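Here the protein sequences come in this chain order: A, B and C.
Anchor point for the first sequence: position 43 equals 199 in the working numbering, and the numbering is continuous, going up by one each time.
Anchor point for the second sequence: position 1 equals 349 in the working numbering, and the numbering is continuous, going up by one each time.
Anchor point for the third sequence: position 249 equals 963 in the working numbering, and the numbering is continuous, going up by one each time.
Only one structure is covered here, and it is reproduced in the block below.
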Amino acid sequence: MHFFLEPGFFSNAPVRTALLLGAVVAAVSAVVGVITVVRSQSFAGHALTDVATAGGSGAYYLGVGALWGFLGGSLAGAGAMELIGVQRVRRRDLATGIVLGAATGLSALFLYLDTTVKATTGATQQILFGSIFSVSSSTIPYVAIFGGLVVLMMAIMRRPLLLTSLSSEIASSQGVRVRMVGVLFMFCLAVSVGLSSIAIGSILSTALLIGPAATALRVARSIAAATFLAIGLGIISTWLGILLAYDSFYWDPSSQGLPVSFFIVAICFVFYVFSGIALSRRRAQETRRPVATDSALSAEGR
Amino acid sequence: MSIDDKGTPPVLEVDGVSVSFGSRNILHNVSFELRAGEFTGLIGSNGVGKTTLLRVILGLQPISTGSVRVLGAPLSKRSRALGYVPQKVLLDPDVPMRARDLVALGLDAHKFGFSRRSATEREKVEEILVAVDAESFADARIGSLSGGEQQRVLIAHALISSPKLLLLDEPLANLDPGSVQEVVALLHRVAKDHGVSILLSAHEMNALLPVMDRIVYVSNGRVASGTTDEVVRSDVLSELYGHHVDVIQLHGRIFVVAEPGTSAEDVPEHPRYQVD
Amino acid sequence: MFTGFMVNAWQVGTIVAVVAGVVGFFVVLRGAAFPAHAIPNGAFAGAAGANLIGLNPLLGLGVFSALAALGIGGLGKRGRPDVATALALVLMLALGAAFLSQSTQYEPEIYSLLFGEILGVSSTQILPTLLLGLASVLAIAVLYRRLLLTSLLPDVAASKGVDPYRVDVMFLLVVGLATTMTVPVVGALLIFSLMIGPPAAARTLTSRPGAALWLSVSFSLLTIWIAIAASYQTNWPVGFYVGVISAAWYLAARTYVRTQSFLVLRRRVI
Chain A
157 MHFFLEPGFF
167 SNAPVRTALL
177 LGAVVAAVSA
187 VVGVITVVRS
197 QSFAGHALTD
207 VATAGGSGAY
217 YLGVGALWGF
227 LGGSLAGAGA
237 MELIGVQRVR
247 RRDLATGIVL
257 GAATGLSALF
267 LYLDTTVKAT
277 TGATQQILFG
287 SIFSVSSSTI
297 PYVAIFGGLV
307 VLMMAIMRRP
317 LLLTSLSSEI
327 ASSQGVRVRM
337 VGVLFMFCLA
347 VSVGLSSIAI
357 GSILSTALLI
367 GPAATALRVA
377 RSIAAATFLA
387 IGLGIISTWL
397 GILLAYDSFY
407 WDPSSQGLPV
417 SFFIVAICFV
427 FYVFSGIALS
437 RRRAQETRRP
447 VATDSALSAE
457 GR
Chain B
349 MSIDDKGTPP
359 VLEVDGVSVS
369 FGSRNILHNV
379 SFELRAGEFT
389 GLIGSNGVGK
399 TTLLRVILGL
409 QPISTGSVRV
419 LGAPLSKRSR
429 ALGYVPQKVL
439 LDPDVPMRAR
449 DLVALGLDAH
459 KFGFSRRSAT
469 EREKVEEILV
479 AVDAESFADA
489 RIGSLSGGEQ
499 QRVLIAHALI
509 SSPKLLLLDE
519 PLANLDPGSV
529 QEVVALLHRV
539 AKDHGVSILL
549 SAHEMNALLP
559 VMDRIVYVSN
569 GRVASGTTDE
579 VVRSDVLSEL
589 YGHHVDVIQL
599 HGRIFVVAEP
609 GTSAEDVPEH
619 PRYQVD
Chain C
715 MFTGFMVNAW
725 QVGTIVAVVA
735 GVVGFFVVLR
745 GAAFPAHAIP
755 NGAFAGAAGA
765 NLIGLNPLLG
775 LGVFSALAAL
785 GIGGLGKRGR
795 PDVATALALV
805 LMLALGAAFL
815 SQSTQYEPEI
825 YSLLFGEILG
835 VSSTQILPTL
845 LLGLASVLAI
855 AVLYRRLLLT
865 SLLPDVAASK
875 GVDPYRVDVM
885 FLLVVGLATT
895 MTVPVVGALL
905 IFSLMIGPPA
915 AARTLTSRPG
925 AALWLSVSFS
935 LLTIWIAIAA
945 SYQTNWPVGF
955 YVGVISAAWY
965 LAARTYVRTQ
975 SFLVLRRRVI
């Protein structure tokens, strides 16, 4: 048991901060993520993380807190995508890609300036891949407030949001303001990305957004059930990741241990793959059931 | 396998074909034959298996039993005897391709490489475009064409490789009655001029009555095939539907009418919508 | 600016731009922006891993690009493609981060893999880049018509015996190949810009596929050349210029087309 729960885990203050922060971020990401997957906007979700990177690295350069940089970048990116993008899916993807490319270019610039002008090291690593153990506990209230705001908005919007995600035509025929719902959702997505960037790094926050959500959607029978399942999966992945990262520090004393974000991403991925296997097993069982035909025919599966 | 008077095998033979998904039977012991030069309507309401049947013929859908033969030979993927016009094609308005280019692709899409097209090939493209009345928009972007215009380009694309059988999936759906008549007349003319057999699926047979040589009537995954007079009769269709229907002829149009309490429309089986 | 080590940069940059322009044309046509972004990120993990065990990074790049391409193609066939792409992408990045965390050269290594070091390219890199580039362009030339047909009419292609899924996997592998040669130069995150912006601009300006392809390559070349020159003058990273200029092409083309149609409308009214 010692291998799994290395000594001092629960008494370690940064660990406690990480667990709390991780749980909040995972829950918010899951709620937003379920709708993101249903709307097939995984690419937009990921692109926002790259824009958040630009924001984060810019904030670093200006000496502003990372959280504000991530949030600002993410929101600006969402705005740009809304402006350039159009209803048609292909054009939307292209617009997303263009914004992503420009944002990445900006990130390159800011990170370069961070390293040369400010002579700090580790900027790239921290911003892109996160360092949850070094987040100060004073960030938690802000994360909780913004996270709560997002969850509240999603809950209030849930019926029109669901309808527009399934069919924008039906929604507008029922009087739903499709465009406005879309913009508000992008806002929630942007804030969620900004928040998870602090915890898991901007570039990797896609895993918490998409992974548990996609896994839950494969297994659950309703959107609501999927949301709760995704929250659970997200929190488990995050806590397990934190635990394993803490442990890895002790497994091989000569190394610095493996990054938390790596574990969290890997666990999310494993859950997704397992759910895929379970799903195909279930489908295979359905086809093997004997088919009722008339006596003259015997159905041979091919 | 039957041979007609000229001793050539039928263009298409479907023999005892069944298709099932899991516990659902989509097609059940389907058999019919199409002769060369015939215009055949594949008629049935939505969800009865028309598209599945077309996909089986194209080799895109595996079958549980039975066989499909095109010109006497089993369907091999490389057979170029078939042309296909799909129902809906979502084309991005920005795609850099003119109608002319898409039609030309019909000649050589399966070839590897990057060679320029010869003068003969370009002439052929021009010819086909004229045959389907598409020269006026031959140089426009395919994504900017109307539904009807796109359809004509797709027909030209399928025709240019000189197939023996042209399959069209619900080409008349979503068209206004005037356009329906135009497309049917176009197909009839093109079929005669190029010696192509046509198999066209539709949920309403009246527009096709003037040109249809044969009908394959689909209901609940089973078919009845023959000429319109042979098939579209109360007794035949009642047996097919499994309950009594009346066939009424009025002003040269045919109506299939069910008794109150039953329906002449089959209950379509919608596949359960899965999120993944 | 045109002597010494810069010669290498110009040469390699040109090769990279041509490949990006050709491959990018199809990336945009097939709506494969997301995989085109994801595969280079996979390459990043490969290079980091190779560095860690002391192998030639090109090997790591190649292997992981291929794995990413096959993974995205395979996972995408079973589930939603966009989810599969997103998860494969982040997993690769996380792996890369994990590999790098074990080496001592964490920071500068990440930066150069992600954003490229074109000005630091050595003359020994030119030949491999040229060969890989030729291979990529050749592969596209061979697949040209199949790519066109499966991009537009996948069902019709299938009925003619051209399996759209196989063509897709082959295309993704070509993207992987192109990535392998370009990541050391422009970096994993920015090769994507070159494959999106210039081709997207090109296709709004012409309706003919051949012309769009040439225009795509031309815009891509101009982008890299301007980026190299600007980077040399200002010392700012090439990647920054590539990202921003690529976006600028697209916006310029869209504005141009919109103004054209607006003017035509006005002329009609008058």
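Quick reminder that beta carbons are idealized off the backbone N, C-alpha and C, glycines included.
Given the structure is predicted, the values throughout are model-derived calculations rather than measurements.
| Check | Outcome |
| --- | --- |
| Within-8 Å CB hit, Asp403 of chain A to chain C | no |
| Own chain residues within Cβ distance below 6 Å of Ala421 of chain B, not counting five before or after | none |
| Contacts that Val564 of chain B makes with chain C (C-beta to C-beta distance below 9 Å) | By Cβ distance, chain C contributes nothing, its closest Cβ being about 19 Å from Val564 of chain B, past 9 Å. |
| Met884 of chain C to Leu250 of chain A span [Cα, whole Å] | 22 Å |
| Straight-line gap, Ser907 of chain C to Leu239 of chain A (C-alpha atoms, nearest Å) | 19 Å |
| Whole-number beta carbon distance between Cys344 of chain A and Val306 of chain A, since they are thought to touch under 8 Å | 5 Å |
| Proximal residues of chain C, C-beta to C-beta of Pro415 of chain A below 7 Å | Ala811, Ala812, Ser815 |
| Leu935 of chain C: contacting residues in chain A (beta-carbon distance under 9 Å) | The premise fails here: Leu935 of chain C is roughly 17 Å from chain A at the closest Cβ pair, so nothing lies under 9 Å. |
| Identity of the residue in A:Thr260, A:Ile392, A:Val207, A:Glu325 nearest Leu364 of chain A by Cα | A:Ile392 |
| Chain B contact for Asp882 of chain C (CB, 8 Å cutoff) | no |
| Val870 of chain C at chain B interface by Cβ criterion, 8 Å | yes |
| Contact list for Pro923 of chain C against chain B, beta-carbon separation under 7 Å | Pro444, Met445, Asp449 |
| Cβ neighbour criterion (16 or more within 10 Å) applied to Pro558 of chain B | exposed |
| CA-to-CA distance, Gly834 of chain C to Gly718 of chain C, given in whole angstroms | 11 Å |
| Residues that Ile930 of chain C contacts on chain A, provided the C-beta gap is smaller than 9 Å | The amino acid at residue 930 of chain C is misidentified as Ile; the sequence shows Ser. Near Ser930 of chain C there are no residues of chain A at all, since even the closest Cβ is about 13 Å away, more than 9 Å. |
| Close beta carbons around Arg195 of chain A, own chain, < 6 Å, minus the five adjacent residues each side | Ser321 |
| Chain A residues whose Cβ lies nearer than 9 Å to that of Ser826 of chain C | Per Cβ cutoff of 9 Å: no residues; Ser826 of chain C is ~10 Å from chain A at best. |
| The region 752–769 of chain C touching the region 801–813 of chain C, judged by at least three CB pairs closer than 8 Å | yes |
| Spatial neighbours of Asp487 of chain B in its chain, beta-carbon cut-off 8 Å, leaving aside the 5 residues before and after | Arg446, Ala447, Arg448 |
| Collapsed DSSP secondary structure at Phe896 of chain C in the structure displayed | Before going further, note that residue 896 of chain C is Thr rather than Phe in the sequence given. Three-state DSSP puts Thr896 of chain C in a helix. |
| When B:Val531, B:Tyr565, B:Lys472 are compared against Val495 of chain B, the one with the closest alpha-carbon | It should be noted that the sequence gives Gly, not Val, for residue 495 of chain B. Of B:Val531, B:Tyr565, B:Lys472, the residue nearest in Cα terms is B:Val531. |
| Reference Thr295 of chain A, options A:Gly221, A:Ala279, A:Leu267, closest by Cα | A:Gly221 |
| Terminal residues of the beta strand (DSSP E) in which Arg570 of chain B lies | 570–574 |
| Close-in-space but distant-in-sequence residues of the same chain around Val736 of chain C (CB under 8 Å, 5 per side omitted) | Ser850, Val851, Ile854, Leu927, Ser930, Val931 |
| Environment of Phe748 of chain C [buried if 16+ CB atoms lie within 10 Å] | buried |
| Cα-Cα separation between Ile910 of chain C and Thr937 of chain C, rounded to whole angstroms | 12 Å |
| Phe603 of chain B - DSSP class collapsed to helix/strand/coil | strand |
| Where Leu382 of chain B falls: helix, strand or coil (DSSP) | strand |
| Backbone CA spacing between Ala555 of chain B and Arg247 of chain A [nearest angstrom] | 38 Å |
| Cβ shell of Pro511 of chain B (< 7 Å), same chain only, five flanking positions each side left out | Arg428, Ala429, Leu430, Gly431, Val544 |
| Beta carbon of Val631 of chain B nearer than 8 Å to that of Val451 of chain B | Because chain B is modelled from 349 through 624, residue 631 of chain B falls outside the range shown and cannot be assessed. |
| Neighbour flag for Leu477 of chain B against chain C, beta carbons, 8 Å | no |
| DSSP state of Arg403 of chain B mapped onto helix, strand, coil | helix |
| Distance, Glu518 of chain B Cα to Glu381 of chain B Cα | 20 Å |
| Alpha helix (DSSP H) runs wholly inside the region 298–382 of chain A, at least 4 long, in chain order | 324–329, 334–356, 361–375 |
| Interface flag, Asp363 of chain B vs chain C, CB-CB below 8 Å | no |
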